[in-house]
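Residue numbers (full-length UniProt numbering): 1 to 162. Glycine residues also receive a C-beta, built at the ideal position from the N, C-alpha and C atoms. This report concerns only the one structure given below.
The structure is reproduced here in structure tokens:
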């Protein structure tokens, strides 16, 4: 989905990784969210409010998704008991995770934030470009490479082969 388009579908990620990204005032790409298996992918504001997307969605890997159009989504909401409650729980968890991550960016050093990212997204870390992870963490790719090297040298990374 491209910035400026209106989302008319929601995807359920069966396999693969997606990212939401936007451009800052200096035209730098900034990744704001990674979505992986068993998560929904769409621009929620655009889908529910019929507004143009402020950012883009991109598959980071080969992916299989189940596409649900607006009519089917509305039918789910009408026919499946407690569907809206489940959706609220999913959105609440997403929001809480995002707030906690933003808090970690403020309260932790970059290495600690990266380790939290590795813990939260263990299946994502090896499947997406380092540059996208760096923008998600709010650091440069060279800083991320330096952090990864230091952590690997000190055996702080999971699956460390040293």
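For residue 135, three-class secondary structure by DSSP: As a first step, residue 135 must be located in the chain shown, where it is residue number 135. Helix, per DSSP.
Range of the contiguous alpha helix (DSSP H) that encloses residue 44: For the purposes of this step, residue 44 is identified with residue 44 of the chain shown, where counting begins at 1. Its alpha helix (DSSP H) spans residues 44-49.
Sequence-distant residues of the same chain with beta carbon closer than 7 angstroms to residue 45, five excluded per side: Along the chain shown, read from residue 1 onward, the residue named residue 45 stands at position 45. Excluding residues within five positions, the ones whose Cβ falls inside 7 angstroms are 51.
Proximity to residue 139 [Cα-Cα], best of 127, 122, 124 and 106: Position 139 of the chain shown, counting from 1, holds the residue named residue 139. The option with the nearest alpha carbon to residue 139 is 106.
Candidates 141, 145, 133 and 149, of which the one nearest residue 20 by Cα: Within the chain shown, residue 20 is the residue found at index 20, counting from 1. When only C-alpha atoms are compared, the closest one is 133.
In DSSP terms, what residue 59 is bridged to: Position 59 of the chain shown, counted from the first residue, corresponds to residue 59. In the DSSP assignment, residue 59 forms a beta bridge with 18.
Any non-hydrogen atom of the ligand PLP closer than 7 angstroms to residue 87 Cβ: Absent from the structure shown: the ligand PLP. Ligands present: none.
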